[in-house]
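K.L.:
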Amino acid sequence: MKMLQAAQEVPRKENVRQSWFAGLGLGSAQFLTACIMAFDFWYGGKLISQGYITAKALIETFLILVSTGLVIAQAASMTSDMAKSAEKDFSISIEAGKSTALVGQSGSGKSTVISLIERFYDPVKGVVKIDGRDIKSYNLRSLRKHIALV
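To convert, note that position 58 of the sequence shown is 58 in UniProt numbering; the numbers rise steadily by one, no gaps.
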């Protein structure tokens with residue numbers, strides 16, 4: 001048990017450091033989002049009072065800003081996950097009919113592996129194969145229908 005704890009100490013310290021950076025980044029992003037929303041309504045209210053735009057146009061602008069920000073954030077997160085997995089040169093072989101568990105610390109790539117298997121995105125380098133066949137050659141709906149996750 002002591003050997004396992006000693007082996008996990010360095011990754012644990014790195015995870016704590018990364019958590020601080022992630023918290024700082026998330027807090028900054030939320031602060032900037034709140035500032036943009038406040039500016040949108042302040043300036044929009046000013047334009048409404050001067051008769052340049054309608055309240056409907058203000059709400060539409062607000063919804064566009066919010067939804068566009070979410071799409072950009074998801075794309076940035078996806079790109080980051082793909083970049084991490086590309087560096088790892090990960091390889092796994094699962095026998096047919098066998099249950100397999102992916103276990104690891106937070107941020108170790110478990111969700112990324114599942115996303116690759118289910119083809120939520122394709123690997124930056126390398127290939128994902130099922131029965132020796134590149135999963136890109138499978139029908140996406142059929143592929144996902146045959147994958148069970150718990």
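Yeah, the Cβ is synthetic: ideal placement off N, Cα and C, and Gly gets one too.
(1) Indicate whether Ala55 and Ile48 have their beta-carbon atoms separated by less than 9 Å.
(2) Tell me, to the nearest whole angstrom, how far the beta carbon of Asp40 is from that of Phe62; I am working on the premise that it is less than 8 Å.
(3) Grab the span of the alpha helix (DSSP H) containing Thr112 for me, first residue to last.
(4) Going straight from the alpha carbon of Leu116 to that of Lys46, what length do you get?
(5) DSSP three-state call for Ile130: helix, strand or coil?
(6) Are the beta-carbon atoms belonging to Gln18 and Gly107 less than 9 Å from one another?
(7) Classify Asp90 as helix, strand or coil using the three-state DSSP reduction.
(8) Could you tell me whether the Cβ atoms of residue 151 and Gln5 are closer together than 9 Å?
(9) Mapping DSSP to helix, strand and coil, what is Asp40?
P.N.:
Let me spell this out:
(1) yes
(2) 5 Å
(3) Lys110 to Ile117
(4) 48 Å
(5) strand
(6) yes
(7) A small correction: the amino acid at residue 90 is Phe; Asp does not occupy that position in the sequence shown. Correct three-state label for Phe90: coil.
(8) Absent from the structure is residue 151, since the part of the chain shown begins at 1 and ends at 150.
(9) helix
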